[in-house]
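Position 19 (the sequence shown) corresponds to 29 in my numbering; numbering is contiguous.
Cβ atoms here follow ideal geometry from the backbone N, Cα and C, with glycine treated the same way.
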Amino acid sequence: MASPLFDECAETRMFRALSEISARILAAPTEEHRALLRNTAFVLRRELVELIQAHPIPEESDVARMQAGMGLSLVPREVS
């Protein structure tokens with residue numbers, strides 16, 4: 011059986027990491043440690059949001075190309 015880690019997409023793994031960091035913040039022994047973890051969580055969350063926003067959503071022209079047998083090439087868009 012394959013490891014669940016390899017069955018998950020990058021977004022899912024990043025979300026799990028964010029959840030783990032959040033739990034570690036609650037258990038961190040010092041304010042400084044919590045601040046470091048919190049900064050890591052903010053960066054990870056920003057990266058996750060950017061990754062999700064860049065995920066392409068097929069438009070009608072993509073559907074038409076697929077139905078015409080031309081294939082589909084969805085490339086993540088640039089996020090500004």
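In the structure shown, I31 adopts helical secondary structure according to DSSP, grouped into three states.
DSSP places T50 in the uninterrupted alpha helix (DSSP H) bounded by E41 to A64. Using a Cβ distance threshold of 8 Å, A45 and S32 do not count as a contacting pair.
The three-state reading of DSSP puts A37 in helix, counting H, G and I together.
CA-to-CA, the gap between L36 and A64 works out to about 31 Å.
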